[in-house]
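In this note's numbering, the protein residues as written are 1 to 553.
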């Protein structure tokens, strides 16, 4: 019946408009965000004909690149190391329509780490290596008395600092900062102190100590010829000595770890000459006393639905998170061990379905899944009305009704918008936006509903052409013999010209667009006889209206 309606409308009302159905295309989403590391994602393309894919950016690839009808596309996005987020567009094109998917890739988190962070040296200077660990391009800036082996670099690299000797006339001490990084992203600093007095170094062995979660005491050997101090910001680390002179054995005591994650601290040993050595403390996490168990994790239901049981093991409160109309659990919340009933409703569509849901407790999560075989009822999607009539001015609220027992997507001619970008489910009212028709010719468009790439139903959208409008508020005018000015109003929706057939009458303006006033100036009558002139207003469409002007003695 709908095809017959379309044929009648196309053949009788607008025979001059082609009757071929447009080849539509749409994506299941119009936007996709990706992390800096890139990766791949899938998107569903819906069409009723042949299509091809194009990308605006070489960091995006799509497979397949062309096809006929619906398809699932795999989109690959490359790794990104830029400073700001970037965008690319995937465009699907048919002979009649096109659709776009915008891919936004976030910029990575930037970091620059240097080791060591400080250098102390004597008057003779010397060469010192700095390990740079980074994920960006960086540059090096330094005081004039420090030469750097490289001034720029990328990612991880070793930079050698050559510190010049102190001249005899200089002050006892000079300090400076070597800055490595990118000011717009991240930087790190190596602080350099050079003194005339010899700088005594310091080492700590080992420089990393691991501790069990229960806590314990271990020792570290400090080696130096200078006096030193030790400090840490971690209140869970206790040192047997916080200062000394020369070599020493320092006991490090760590208490029990009260949390269920690993923790780490840093102990800094500093000499009187500002030389430093670092001791890293690592302690393993305490075992989490909470537990959450579930059995089984997956469920299979026949088309008729039914009930099954879930065995929950837990030491505290728990809750199921499920958002499916056809699947439910009872009870949905509880505490401790329990047996939970999972219920699936009968499947009324001829396709299988799947759901994923979660069981949560105290930060622990178990993911479960359920599948159900296809039902006996055929999938259907219907649109109404069969034909939608729209004025040439367009509309922002052309309502269509969608009724369905399954999922569906809409596609429309390019002058019809506000079509949902995502797949919808069941019944819905969709309010379309129809653009104004700038042509005097009427036009026909289509809105189609599809399921899994197959067109299930469509409606015809008929929009009238722009009317050929040209009117004046008067058709004749009598003027006094001494002459006069008068005004008439033009009402139109197009461009127009004003011309007269006599030289004793002039108009201003002589052209215009749309609706406007025109002033006519009539010269005094020169003789005893009456005279008549005609003002003609001509539209770009060819339509003409006239005003007759008579001047009597």
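Ideal placement from N, C-alpha and C gives every residue a C-beta, glycine not left out.
Looking only at C-alpha atoms, which of 468, 399 and 23 sits nearest to residue 67?
-> Along the chain shown, read from residue 1 onward, the residue named residue 67 stands at position 67. Checked all of 468, 399 and 23; the closest Cα to residue 67 is 23.
May I ask which residues mark the beginning and end of the beta strand (DSSP E) holding residue 148?
-> Within the chain shown, numbered from 1, the residue matching residue 148 stands at position 148. Looking at the DSSP string, the run of the beta strand (DSSP E) that includes residue 148 is 146–148.
For residue 476, write down the residues that DSSP places opposite it in a beta bridge.
-> Locating residue 476 in the chain shown gives position 476, where the first residue counts as 1. Answer is 548.
Residue 269 burial status per 10 Å Cβ neighbour count (16 or more: buried) | Along the chain shown, one-based indexing puts residue 269 at 269. The residue is buried, with at least 16 neighbouring Cβ atoms inside 10 Å.
Return helix, strand or coil for residue 185, following the three-state DSSP convention.
-> The sequence position of residue 185 within the chain shown is 185, counting from 1. DSSP places residue 185 in coil when its eight states are reduced to three.
Can you give me the start and stop residues for the beta strand (DSSP E) that residue 431 sits inside?
-> Translated into positions along the chain shown, residue 431 becomes position 431. Residue 431 -> beta strand (DSSP E) spans 428–434.
Which full runs of the beta strand (DSSP E) of 3+ residues lie inside the segment 480–534, going along the chain?
-> 484–492, 495–500, 505–508, 511–513 and 516–522
Shortest alpha-carbon distance to residue 339 belongs to which of 55, 167 and 319?
-> If you number the chain shown from 1, residue 339 lands on position 339. Residue 319 is the option with its Cα nearest to residue 339.
Going by CA-CA distance only, name the one from 256, 464, 545 and 524 that's closest to residue 488.
-> Your numbering for residue 488 matches position 488 in the chain shown. Selected option, being the one with the closest Cα: 545.
Helix, strand or coil for residue 393, going by three-state DSSP, please let me know.
-> The count along the chain shown starts at 1 and reaches residue 393 at position 393. Residue 393 falls in the coil class under three-state DSSP.
Using a threshold of 8 Å, state whether the C-beta atoms of residue 121 and residue 163 are closer than that.
-> Your numbering for residue 121 matches position 121 in the chain shown. Your numbering for residue 163 matches position 163 in the chain shown. Their beta carbons are under 8 Å apart, which means residue 121 touches residue 163 by this criterion.
Give every residue of the same chain whose Cβ lies closer than 6 Å to the Cβ of residue 369, excluding the five residues on either side of it in the sequence, and list them in chain order.
-> Residue mapping note: residue 369 aligns to position 369 of the chain shown, counting from 1. Result list for residue 369: 298 and 356, in chain order.
Over the uninterrupted beta strand (DSSP E) stretch that includes residue 208, give me the two end residues.
-> As a first step, residue 208 must be located in the chain shown, where it is residue number 208. Run containing residue 208: 208–211, per the beta strand (DSSP E) assignment.
Where residue 73 falls, given that 16 or more other Cβ within 10 Å makes a residue buried | Residue numbering aside, residue 73 sits at position 73 when the chain shown is read from its first letter. By the neighbour-count rule (16 or more Cβ atoms within 10 Å), residue 73 is buried.
Any idea what DSSP makes of residue 56, helix, strand or coil?
-> Residue mapping note: residue 56 aligns to position 56 of the chain shown, counting from 1. Three-state result, residue 56: coil.
Considering only C-alpha positions, which residue in the set 80, 194 and 467 is nearest to residue 128?
-> In the chain shown, the residue the question calls residue 128 occupies position 128. Out of 80, 194 and 467, 194 has the C-alpha closest to the C-alpha of residue 128.
Excluding sequence positions up to five away, which residues of its chain have a Cβ less than 6 Å from the Cβ of residue 95?
-> One-based indexing of the chain shown puts residue 95 at position 95. Excluding residues within five positions, the ones whose Cβ falls inside 6 Å are 23.
Reference residue 243, options 237, 256, 257 and 222, closest by Cα | Along the chain shown, one-based indexing puts residue 243 at 243. Nearest of 237, 256, 257 and 222 to residue 243, Cα basis: 222.
CA nearest to the CA of residue 506, picked from 45, 519 and 271 = As a working mapping, residue 506 is identified with position 506 in the chain shown. The option with the nearest alpha carbon to residue 506 is 519.
Sort 146, 161 and 141 by Cα distance to residue 152 and report the nearest one.
-> Locating residue 152 in the chain shown gives position 152, counting from the first residue. Of the listed residues, the one whose Cα sits closest to residue 152 is 141.
Check whether the segment 255–274 touches the segment 300–313, counting contact only when three or more Cβ pairs, one atom from each stretch, lie closer than 8 Å.
-> no
Report the three-state DSSP secondary structure of residue 543 (helix, strand or coil).
-> Residue 543 sits at position 543 when you count from the first residue of the chain shown. Three-state result, residue 543: coil.
Which residues in the same chain have their Cβ closer than 8 Å to the Cβ of residue 500, if we skip the five residues on either side of it in sequence?
-> Start at 1 with the first residue of the chain shown, and residue 500 comes out as number 500. Closer than 8 Å at Cβ, skipping near neighbours: 506, 507, 533, 534, 535 and 536.
Under 8 Å Cβ to Cβ from residue 474, same chain only, skipping five residues before and after it: list those, please.
-> Sequence index remark: in the chain shown, residue 474 carries index 474 (1-based). So the list reads 488 and 547, once near-sequence residues are dropped.
Residue 215, DSSP secondary structure in three states | Stepping through the chain shown from its first residue, residue 215 is reached at position 215. Three-state DSSP puts residue 215 in coil, outside helix and strand.
So the beta strand (DSSP E) residue 356 belongs to, where does it begin and stop?
-> The residue given as residue 356 occupies position 356 in the chain shown. That run of the beta strand (DSSP E) goes 353–361.
Opening and closing residue of the beta strand (DSSP E) in which residue 307 lies = Working through the chain shown from its first residue, we reach residue 307 at position 307. Per DSSP, residue 307 belongs to the beta strand (DSSP E) from 306–314.
Residue 315 and residue 290 look like a contact to me (Cβ under 8 Å); what is the Cβ gap, rounded to whole Å?
-> Position 315 of the chain shown, counting from 1, holds the residue named residue 315. Position 290 of the chain shown, counting from 1, holds the residue named residue 290. Contact flag correct, Cβ pair sits at about 6 Å.
Return the bridge partner residues of residue 263 from the DSSP annotation.
-> Working through the chain shown from its first residue, we reach residue 263 at position 263. Partner(s): 283.
Residue 380 in three-state terms, based on DSSP = Residue mapping note: residue 380 aligns to position 380 of the chain shown, counting from 1. Residue state, collapsed to three classes: coil.
Using the Cα positions of residue 540 and residue 476, report the straight-line distance between them to the nearest angstrom.
-> Position 540 of the chain shown holds residue 540. Position 476 of the chain shown holds residue 476. Going by the C-alpha atoms only, they are around 23 Å apart.
Classify residue 85 as buried or exposed, calling it buried when 16 or more other Cβ atoms lie within 10 Å of its own Cβ.
-> The residue you call residue 85 lines up with position 85 of the chain shown. So residue 85 counts as exposed.
Secondary structure of residue 191, DSSP reduced to three states = In the chain shown, counting from the first residue as 1, residue 191 sits at position 191. Strand.
Tell whether a beta-carbon distance below 8 Å holds between residue 224 and residue 200.
-> The sequence position of residue 224 within the chain shown is 224, counting from 1. The sequence position of residue 200 within the chain shown is 200, counting from 1. Going by C-beta atoms, residue 224 is nearer than 8 Å to residue 200.
The beta strand (DSSP E) enclosing residue 408, as first and last residue numbers | By one-based count along the chain shown, residue 408 stands at place 408. Element bounds for residue 408: 407–412.
Which listed residue (116, 363 and 93) has its alpha carbon closest to that of residue 160 = The residue labelled residue 160 in the question sits at position 160 within the chain shown. Nearest of 116, 363 and 93 to residue 160, Cα basis: 116.
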